[in-house]
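Trainee: Before anything else, here's the structure in question.
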Amino acid sequence: MTSDDVDPVAVAPLIAAQDITRGFFGNPVLRGVSIALRPGRIHALLGENGAGKSTLINILSGGLRPDSGRIVVNGAPRGHLTPSDARKAGIAVVQQELSLTTTLSIGENIGLGAFPRRFGLIDYRTLAGRAREVCGLVGLDEPLSLPVGALSLGRRQMVEIAKALFRNPRILILDEPTSSLSARETGILTDLLGRLRAQGVAILYISHRLNEIMALCDHVTVLKDGVVTADRPLAGIDAAGLVRLMVGRDPGDLFPTWTAPPAAPPVLSVTGFAAGMTRDIALTVQPGEVLGLGGLVGHGQEDVLLGLYGAIPATATAVRVNGATSLPGRVTRANRLGIAYVPADRRREGLHLIHSIATNLMLPAFARQHGLSLRRRRQEQGATAVLAARLGIKGDLMRPAQALSGGNQQKVALAKWLPHDPRILLLNDPTRGVDVETKREIYRMLRQLADAGQAVILLSSDTPELVNLCDRVAILREGRIVARIERRDLSEAAIVAAAMGAATAPAGTGGAP
Amino acid sequence: MNAMNAGKTSAAVPGRLRTVLQNRALQMLVIVILVWIVAGLSSRGFASFGHLRYLLELAAVIGLVAAGQTLVVIAGGIDLSVGAIVTVSAISLPLLSGAGDATGLVGLLATLAVATAIGLVNGVGVSALRVHPMIMTLAMATFLQGALILVAGGTAVSAHNPVVEWLGSGRLGGIPAGILLWLVVSGATLALLHATPLGARIFALGANPLATLLSGVSVPGTTMLIYAVSGFTAGLAGIVVLGMNGQGYVGIGDPYLLASIAAVVLGGTSVLGGRGSYAGTIPGAILLVTVTALITVVNASPGWRNILFGGLILGLLLLSGRERARR
Amino acid sequence: MTAAEPLPRGVPPLYGPVQARRNRGLYGLYAVVLAFLVIDAVLFPGLLSRDGFARLTQNWFPLALAGMAQALVMLAGGISLSLGAMVSLGAVIAAVTMSGPAGVGGGLALVLAAGLAIGAATGLIVVRLRLPAIVVTLAASFLIGGTALLILPRPGGAIPDGFSDLLAGDQPIAFGILVVIVGLWKLYLATPLGLSLYAAGENPVAAHNAGIAVDRVRIAAYALSGLLSTAAGLFVAAQTGSGDPVIGDSFTLNSIAAAVLGGVGFLGGSGTMRGALAGSLLLSLMINVMFFLGLPPVAQYVAQGLIIIAAVALPQLRIRGRRS
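Residue numbers (the numbering used here), protein chains in the order written: chain A, 10 to 522; chain B, 201 to 527; chain C, 830 to 1153.
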């Protein structure tokens, strides 16, 4: 898996962090961590959420100072890096949270902070030339003058990568770059990283997708609870082994055993449904069933959920939702009809970060209670304590939700609906950017809900999830359902083929699955 | 971000003490008392019961306007039309109090209905038309300003309304009616914010409107309601002002716009929404009138008066009003 | 990866298309402005003469500057409630100094320096101390307005006639100055500092990560905004021939209205200066038209309120179908 002409280990590292310790509020996050990035090597950084990956990246890119330890850049040791040191050393970071300015054009975004100048002015000609070049590398063929706001999430991610390349990095750090990329875009990125490796760039690659890491990387550092538990070549270890290193014990089976739902009349069925970019959607789901929604990112899957939830305008020719014969139209009515929705972007759509965990858990209840009734604090405390125990959230529930790790935040976003016993649960990519252990817990919870007779519609960008959890999967492309795959035919290959439009037998757009 | 599991049990006790000390309402109250003591020692008439009672009467008007403003600001909005609504209320009450209205209650209720309706229109504009609150309420203020001159002209109108006169100058057990009204409204506002699900919804709305919508809260309903309440409390304030002044004229409510916002902000409510309490606004309003009174005592020119006032707000902000940067 | 030199041939240009795209979404506004221009010209045929054009642009000029000043701060993610007080201060300084020993040149320098300095100070407080702009500028409006009252407690002072005639006479010099200012703005926006304003306003954290000196960019925007505000005050003083310590009050509201009509957003980083200019022209034309229609000034308020709401609400209603 190493590139063939150089032996990377023999080459001195471009940057190395040695014995780094860093804490927040007296809470150690990194303890004696060392990592060395060598030219011509793709180095994977693995660890669960909260293991300290983001902190380590921030220290490497000059965003944070370590409490102790040193950073060696090109053989010269120092106590810490400033952001400008990092830039001078040729470090470019592709952050997990996009850092683009939506109102500026693709070209301007790529050059931002590193504009070529002429007489103090931005040299738009040079900018256009070089931006076109890096766009070519990542397969962006949109006009450079297009505002970034007009692009889909996946395309923006590619702009972000182009922006990093624009700085001619010698060290490239990518924090979950593929979380919103389509399979094709992921392929382009993989090829690109291979070429950069051949050119001698040192690459640090962070991802939760183990198969990507197995296919792409040469070397791996695993962080667990702020300590390096492995620093070794990837050759000779398999995915299960990696998980064992991250979790610290045997991964067992990630997915719970599938059980067939008992036959029952559907709790939700729509035909001729249209919302956002989707057209002519027909869906049914029965109690105890998990219906998957798959497809490439941005082909209308989210619009289906939001339309069913009444968050965006939707129409349908025939509807049955938990006894009602019309679409909810509004979120409040959707809730009354027993529909609950867990958004993908938990920070923006799922949680009130500045409010306490307890308040977050109680909000759907507050929405239902009579507005001017008296709150019963003791009862609220009891209810939230029960929920927190069920989720395994420890500590003070009066802490703000932003103090929780990403995985725990996602659990809160899901758990706030549980006391209301929703009949239909709409899940929008519930495990995006979530660590393995939380994934397992979410899967288990999902299985429990289905076994308790709730209907689940699961939108997922993680194909193994669709294969292992769903009773049926509907694949969307360009706003229409192009394939419906039953449990017995479910496989990653079938889903990907259908999503890419390579399905052997295109399914009709009409009848229910 | 994911590394902030600080605050274990060992740190809980001093943490709680710090929370109390950092309580903005308490801080403001301490500042008010200190200012009163210093002013009372240096100026003879200041600390007299009558003068302090008078200050509280003035603070009551600001406090009433600021009650609605606090709700709106916590919900992530702002109401720049409260000054105009105070004027509308002070001018329309005499016009709405007919001869057959012996107790004056009909006129009073009609006036409050008008004020509430104006607030409701603000709420509809913000929630249904999705106009930014600052623009919606600013435009409403502009509109009302013109409409008032069209209706009332440049003249002052006097009220002969028993209820209003009582609210302006009546007492109950030695306490001015305006202050009593403020106490009632304060109690109701605090209860609404902190003891009802509606209050929780208002906080949620200000912290993250999208997540609040997706959690099943009726965002348009809540928005309309709080702007209507803001119109209502501004209307109440207008009636008290009318009662205290005896007559209403165009521009009578203008000072209360900035005063209400200043009281809310001094009271520690975040202008970004989602955080705060009316408990801080109350001493905030008292501090504002106290300082204004002190500036008057010093007999400064209008220029210095403005500078002192602005300097004070800025100074208090610099001292304790740091708003943590939020994305 | 390879170095970029030499430039590949046949690379499509970037600057032109980027500029062209900035007009998107503004065509409706341009059309409304044009319609008002036509109405104005019909009501007042003298508009097409040099004299009439000079008058029209002079009425527009101070609001144009104020609108630009507000747009600058809004692009930086803030808002200025002290803009009107700054206009007053500019007018007062001009009226007091220009007829004194400082002369026109000295007065001009003082007005502009005061604007730049106070703007920068405001920006420094907002940006460095992380205080909300709305509250800081609210307090600043008292401080600045009070200072204006101290300098000139009641309307008075004088602007030399020659200077008044130059700026507000029958030659469209004000328009010429506006063209120069817009040119300078385009130049500023073509510098890394200027263009970074969009990034710093929309997402300061990300801009910082991209290597932009976010604080400097934002403070510069506040300083330039102050400069434009006091310049607007100077022009107002030249128009009236004297200073008035509260003459600028209406500019706070109108500048926000102009910027918002022009599509400048409240959250920072969205909107264009050309939009703010068009918005200010629209407001100024509206006032003109209502004046010619013989509406009393109070009716203007009513109409203004309604038109602002309509202008902001209509595009919102159109895109309602999309996601919130």
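No residue lacks a Cβ here, since even glycine has one placed at the ideal position from N, Cα and C.
Who does Q447/B pair with in a DSSP beta bridge?
Mentor: Residue mapping note: residue 447/B aligns to position 247 of the second sequence, counting from 1. Note: Q447/B sits in a beta bridge opposite S358/B.
Trainee: Can you round the beta-carbon distance between Y478/B and S386/B to whole angstroms, since I take them to be within the 8 angstroms contact cut?
Mentor: Residue mapping note: residue 478/B aligns to position 278 of the second sequence, counting from 1. Residue mapping note: residue 386/B aligns to position 186 of the second sequence, counting from 1. So it is a contact: roughly 7 angstroms between Cβ atoms.
Trainee: Can you name the residues that DSSP bridges to I466/A?
Mentor: Counting from one through the first sequence, the residue named residue 466/A turns up at place 457. Answer by DSSP bridge pairing, in chain order: L300/A, L435/A.
Trainee: For R122/A, go through chain C and note every residue whose CB falls closer than 7 angstroms to its CB, in chain order.
Mentor: Sequence index remark: in the first sequence, residue 122/A carries index 113 (1-based). Note on identity: in this sequence residue 122/A is Gly, with Arg being the wrong assignment. Per Cβ cutoff of 7 angstroms: A1039, G1040, I1041.
Trainee: Between A26/A and chain C, is the shortest Cβ-Cβ distance under 9 angstroms, so that the two count as touching?
Mentor: The residue you call residue 26/A lines up with position 17 of the first sequence. Closer than 9 angstroms: no.
Trainee: Thinking C-beta only, is A1061/C closer than 9 angstroms to L894/C?
Mentor: For the purposes of this step, residue 894/C is identified with residue 65 of the third sequence, where counting begins at 1. For the purposes of this step, residue 1061/C is identified with residue 232 of the third sequence, where counting begins at 1. Yes; because the gap between Cβ atoms is below 9 angstroms, this pair is in contact.
Trainee: What is the rounded straight-line gap between the Cα of I1076/C and the Cα of V916/C?
Mentor: In the third sequence, counting from the first residue as 1, residue 1076/C sits at position 247. In the third sequence, counting from the first residue as 1, residue 916/C sits at position 87. Rounded to the nearest angstrom, the two C-alpha atoms are 8 angstroms apart.
Trainee: The alpha helix (DSSP H) that contains L181/A, what's its start and end?
Mentor: For the purposes of this step, residue 181/A is identified with residue 172 of the first sequence, where counting begins at 1. It is not in any alpha helix (DSSP H) - L181/A instead sits in the beta strand (DSSP E) that spans 180-184.
Trainee: Would a check of beta-carbon distances place P483/B closer than 9 angstroms to chain A?
Mentor: Taking the second sequence and counting its residues from 1, one reaches residue 483/B at position 283. Not an interface residue.
Trainee: Shorter than 9 angstroms from the beta carbon of P455/B to some beta carbon of chain A?
Mentor: One-based indexing of the second sequence puts residue 455/B at position 255. For P455/B, the answer is no, since every Cβ of chain A falls outside 9 angstroms of its Cβ.
Trainee: Using the C-alpha atoms, what's the distance from I504/A back to A512/A?
Mentor: Within the first sequence, numbered from 1, the residue matching residue 512/A stands at position 503. Within the first sequence, numbered from 1, the residue matching residue 504/A stands at position 495. Because the pLDDT of A512/A is 44, which lies under 50, any placement of that residue in the model is unreliable, and the number read from its coordinates should be weighed accordingly. In a straight line, the C-alpha of A512/A is about 9 angstroms away from that of I504/A.
Trainee: Under 8 angstroms: do the stretch 46-59 of chain A and the stretch 212-222 of chain A share three or more Cβ pairs, one atom per stretch?
Mentor: Taking 8 angstroms as the limit for Cβ pairs, the verdict is that the stretch 212-222 of chain A does touch the stretch 46-59 of chain A.
Trainee: Under three-state DSSP, which class holds S114/A?
Mentor: In the first sequence, residue 114/A corresponds to position 105, counting from 1. The answer is strand: DSSP assigns S114/A an E or B state.
Trainee: If the cut-off is 7 angstroms on Cβ atoms, which residues from the stretch 844-859 of chain C count as contacting chain A, listed in chain order?
Mentor: Listed by position along the chain: Y844, P846, V847, R850.
Trainee: Below 8 angstroms on the Cβ atoms is my guess for V510/B versus A968/C; work out the distance and round it to an integer in Å.
Mentor: Here residue 510/B refers to the residue found at position 310 of the second sequence. Here residue 968/C refers to the residue found at position 139 of the third sequence. One point to set straight first is that residue 510/B is Gly, not Val, in the sequence displayed. Between A968/C and G510/B the Cβ distance is about 5 angstroms, and since that is below 8 angstroms, they are a contact.
Trainee: For chain A, is any of its Cβ atoms less than 9 angstroms away from the one on A1052/C?
Mentor: Indexing the third sequence from 1 puts residue 1052/C at position 223. Not one chain A Cβ lies under 9 angstroms of A1052/C.
Trainee: Suppose you measure from the CA of V1011/C to the CA of Y859/C; what does that come to, to the nearest Å?
Mentor: Position 182 of the third sequence, counted from the first residue, corresponds to residue 1011/C. Position 30 of the third sequence, counted from the first residue, corresponds to residue 859/C. So the two alpha carbons sit approximately 17 angstroms from each other.
Trainee: Tell me, please, whether the CB atom of Q390/A is closer than 9 angstroms to any CB atom in chain B?
Mentor: Position 381 of the first sequence, counted from the first residue, corresponds to residue 390/A. It does not: the Cβ of Q390/A has no partner Cβ on chain B nearer than 9 angstroms.
Trainee: Could you please tell me which residues of the stretch 374-397 of chain B, in chain order, have their CB closer than 9 angstroms to any CB of chain A?
Mentor: Hits within the stretch, in order: A391, L392, H394, A395, T396, P397.
Trainee: Under a three-way DSSP split, which group does P156/A fall into?
Mentor: On the first sequence, residue 156/A is found 147 positions in, with the first residue counted as 1. P156/A falls in the strand class under three-state DSSP.
Trainee: Quickly, what does DSSP pair T230/A with across the bridge? List them, please.
Mentor: Here residue 230/A refers to the residue found at position 221 when the first sequence is read from its first residue. BP columns for T230/A point to L54/A, D240/A.
Trainee: Interface residues of chain C around N361/B at Cβ under 9 angstroms?
Mentor: Within the second sequence, the letter at position 161 stands for residue 361/B. Those within 9 angstroms of N361/B in chain C number zero; the least Cβ separation is about 26 angstroms.
Trainee: Note down, in chain order, all residues in the stretch 450-463 of chain A with a beta-carbon under 9 angstroms from any beta-carbon belonging to chain B.
Mentor: Going along the stretch 450-463 of chain A in chain order, one finds no residue with a Cβ nearer than 9 angstroms to chain B.
Trainee: Ignore the nearest five residues each way along the sequence and tell me which others in P837/C's own chain have a CB closer than 6 angstroms to its CB.
Mentor: Here residue 837/C is taken as the residue at index 8 of the third sequence, counted from 1. Summary for P837/C: the model assigns pLDDT 49, below 50, so the residue's position carries little reliability, and this model does not support an answer.
Trainee: Excluding sequence positions up to five away, which residues of its chain have a Cβ less than 6 angstroms from the Cβ of E495/A?
Mentor: Translated into the one-based positions of the first sequence, residue 495/A becomes position 486. Once the five neighbours on either side are set aside, the close Cβ partners of E495/A are R481.
Trainee: Taking F264/A as the reference, give the member of T447/A, N344/A, S77/A, L314/A with the closest Cα.
Mentor: On the first sequence, position 255 is the one that residue 264/A refers to. Looking at the Cα atoms, T447/A is the closest of the given residues.
Trainee: What do you get for K420/A, buried or exposed, if any count of 16 or more other CB atoms within 10 angstroms of its CB means buried?
Mentor: Sequence index remark: in the first sequence, residue 420/A carries index 411 (1-based). Per the 10 Å Cβ criterion, buried.
Trainee: Assess contact between the stretch 361-378 of chain B and the stretch 247-261 of chain B, defined as three or more Cβ pairs (one per stretch) separated by less than 8 angstroms. Is contact present?
Mentor: As far as the Cβ criterion goes, the stretch 361-378 of chain B touches the stretch 247-261 of chain B, which means the pair count is three or higher.
Trainee: For the alpha helix (DSSP H) that contains T195/A, what are its first and last residues?
Mentor: Numbered from its first residue, the first sequence carries residue 195/A at position 186. Here the alpha helix (DSSP H) through T195/A covers 192-207.
Trainee: Assign L434/A to one of two classes, buried (16 or more other C-beta atoms within 10 Å of its C-beta) or exposed (fewer than that).
Mentor: On the first sequence, residue 434/A is found 425 positions in, with the first residue counted as 1. Buried, because 16 or more other Cβ atoms sit within 10 Å of the Cβ of L434/A.
Trainee: Give me the chain C residues within the contact set of S114/A, using Cβ-Cβ distance strictly less than 9 angstroms, ordered along the chain.
Mentor: The sequence position of residue 114/A within the first sequence is 105, counting from 1. The contacting residues are L843, P846, V847, R850.
Trainee: Counting Cβ pairs closer than 8 angstroms, one from the stretch 451-462 of chain B and one from the stretch 274-288 of chain B, do we hit at least three?
Mentor: As far as the Cβ criterion goes, the stretch 451-462 of chain B touches the stretch 274-288 of chain B, which means the pair count is three or higher.
Trainee: Which residues mark the beginning and the end of the alpha helix (DSSP H) in which A400/B is found?
Mentor: In the second sequence, residue 400/B corresponds to position 200, counting from 1. Note, A400/B: alpha helix (DSSP H), 397-407.
Trainee: Quick check for students: name the residue ranges of the alpha helix (DSSP H) that lie wholly in the stretch 292-371 of chain A, counting only runs of 4 or more.
Mentor: Runs found: 310-318, 340-345.
Trainee: Assess contact between the stretch 470-478 of chain A and the stretch 300-313 of chain A, defined as three or more Cβ pairs (one per stretch) separated by less than 8 angstroms. Is contact present?
Mentor: Yes: the two stretches touch, three or more of their Cβ pairs being nearer than 8 angstroms.
Trainee: Using the rule of at least 16 other Cβ atoms within 10 Å of the residue's Cβ for burial, across every protein chain shown, is F124/A buried or exposed?
Mentor: What you label residue 124/A is simply residue 115 of the first sequence in a count that begins at 1. By the neighbour-count rule (16 or more Cβ atoms within 10 Å), F124/A is buried.
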